[in-house]
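Here is the structure we will look at.
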Ligand SMILES: Nc1ncnc2c1ncn2[C@@H]1O[C@H](COP(=O)(O)OP(=O)(O)OP(=O)(O)O)[C@@H](O)[C@H]1O
Ligand code: SF4
Ligand SMILES: [Mg+2]
C-alpha cells in the first residue's frame, strides 16, 4: 500500500487510519488521555527467520494540547510504534486506545466514527497526496469524508480556502496539482488535508525530515502553532533532537524496540537519566553543526534477529554492570512523570540532584 493510498484511507470511509509503573511498564494510563499505548508489542514475520520484535512493551500516552516527541536511532521502532498507534500495523500484544476505545487495525474491523479524529502525517508529502487530483479537491474530499459534513461547492471552497490559509498558503493555490509545489508547500497541503478532518490527535512520523532546513523549521513551528491553538494532541516522531527539544512538551526515547526514558522535555534534556539518552545527547555534534541524531553511536547496532540478552543497551552501555547482561530492567520513576529503564536509575533520583 502506498503512502498516498494510506493517507486516503485515513480521510475516507470507514474511518481514518487510523514511576515504576504497574508491572514495571513505562507511561501512564487514565482518564483524560487521548491516545494510550499499553504494553504494546509489534513483530514483523520474516520468511525463514525469527520474527523481528520492532516494538516491545511500549506504553505511552498523548493528552490533548501536548506534543510528545519520540526520538531514537534509525531502526529503533519509531515508525512501527507510530503506525501501530493509528492502526496501520497490528500489535502482537498489548493494546492501543483512543479516547478509551480500542484502536482496531485498519481493514480488520469496522471503525467507529470516533476514530476519524485520530490522524497521521507522513514523512513524504508527495506520496501522501494524490498526484492526479487538484489539491483543493483533495482537501474538500477530506472535509466530506473525514467529518461527514455535507457541504455544497461554495461552502467547501470557503472551508478549503480557510484551511490553506491556516497552513500558510494562498487560497488561490487550490486549483494546482501536488507536483506544482515545493516539498515544504506540499507538506503544508498534507497538513491542511489532515486538519480538514478536524482531528483531535495526530501522529506525525518524521514530518520534516524530507524537507530542506528552512522548511523544516517552518513546518515544525506550524505544527506547534496548530497544537497550541487547537488543543489537539500530537505524537511527533523525529530524529532531529533540536526540534523535539523546541516543540515537545514531553520526550520519549526509544532504543532497539524499547522505550528507555520518558519525561518532561526540559528535564530529560537537562539531566538525562538513562545512559542511552546521555549517549544520544552527548553524540550531538556541536556547536552549530545541527543536532540530528548521529547515524551511529559508538558500538555496534545489534542485529534485530539476535537481540542482546538482559538490557538491550548493554553491549554499548558505558555504565554496564554484570546483571545488565542477563536481567531486563524495568521502569523506575526518577521524578514526577519521569521514568528511566535502567538498573542504575533510582526512584526519585532527579529530585535530589
Ligand atoms: N515491514 C517490515 N517487515 C519487516 N521488518 C520491518 C518492517 N518495517 C520495519 N521493520 C524492521 O523493524 C525495525 C523498526 O523499524 P522502524 O521503521 O519502525 O524504525 P524507525 O525507528 O522508524 O527507523 P527510521 O528512523 O530509519 O525511520 C527495524 O529493524 C526494521 O528493519
Ligand atoms: S541497565 Fe545496565 S546496560 Fe542497561 S542502560 Fe542501565 S547500566 Fe546500561
Ligand atoms: Mg521511521
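In my numbering, the protein residues as written are 1 to 353.
We treat Cβ as the ideally placed atom computed from N, Cα and C, and that holds for glycine.
> Is any heavy atom in ligand 3 found nearer than 6 Å to the beta carbon of residue 78?
Replying inline: yes
> Going by Cα to Cα distance, which pick from 99, 331, 276 and 54 is closest to residue 200?
Replying inline: 99
> Assuming residue 135 and residue 178 make a contact with CB atoms under 8 Å, what is their CB distance in whole Å?
Replying inline: 6 Å
> What does the shell around ligand 2 hold, if a residue joins when its beta-carbon is under 5 Å from any heavy atom?
Replying inline: 275, 311, 313, 314, 317, 319, 320, 324, 329, 342, 343 and 344
> Got a sec, what are the start and stop residues for the alpha helix (DSSP H) residue 255 sits in?
Replying inline: Careful: residue 255 lies outside any alpha helix (DSSP H), inside the beta strand (DSSP E) at 250 to 255.
> In this structure, what does DSSP give as the bridge partners for residue 71?
Replying inline: 253
>> What does the Cβ neighbour count give for residue 27, buried or exposed, with the cut at 16 atoms within 10 Å?
In response: Model confidence at residue 27 stands at a pLDDT of 46, short of 50, so the residue's coordinates are unreliable and nothing is read from them.
>> Am I right that residue 92 and residue 38 are in contact with their C-beta atoms under 8 Å? What's the rounded C-beta distance?
In response: Not a contact, Cβ separation roughly 14 Å.
>> For residue 326, tell me which candidate among 335, 342, 74 and 333 has the shortest Cα-Cα distance.
In response: 342
> Looking at the unbroken beta strand (DSSP E) that takes in residue 346, where does it start and where does it end?
Replying inline: Segment: none, residue 346 is in no beta strand (DSSP E) and carries neither H nor E.
>> For ligand 5, is there any heavy atom lying closer than 6 Å to the beta carbon of residue 215?
In response: In the structure on display, ligand 5 does not appear, and the ligands it does have are ligand 1, ligand 2 and ligand 3.
> Taking residue 304 as the reference, which of 68, 202 and 75 has the closest Cα?
Replying inline: 75
> Per DSSP, residue 43 forms a beta bridge with which residues?
Replying inline: 53
> Quick one: what's got a C-beta closer than 8 Å to residue 219's C-beta in the same chain, skipping five residues either side?
Replying inline: 184, 187, 188, 191, 207, 208 and 211
> At a cut-off of 6 Å, is residue 302 close to ligand 1 when judged by its beta-carbon and the heavy atoms of the ligand?
Replying inline: no
> Between the stretch 224 to 234 and the stretch 259 to 275, are three or more C-beta pairs nearer than 8 Å?
Replying inline: no
>> Using only CA atoms, which one of 283, 50 and 269 lies nearest to residue 306?
In response: 50
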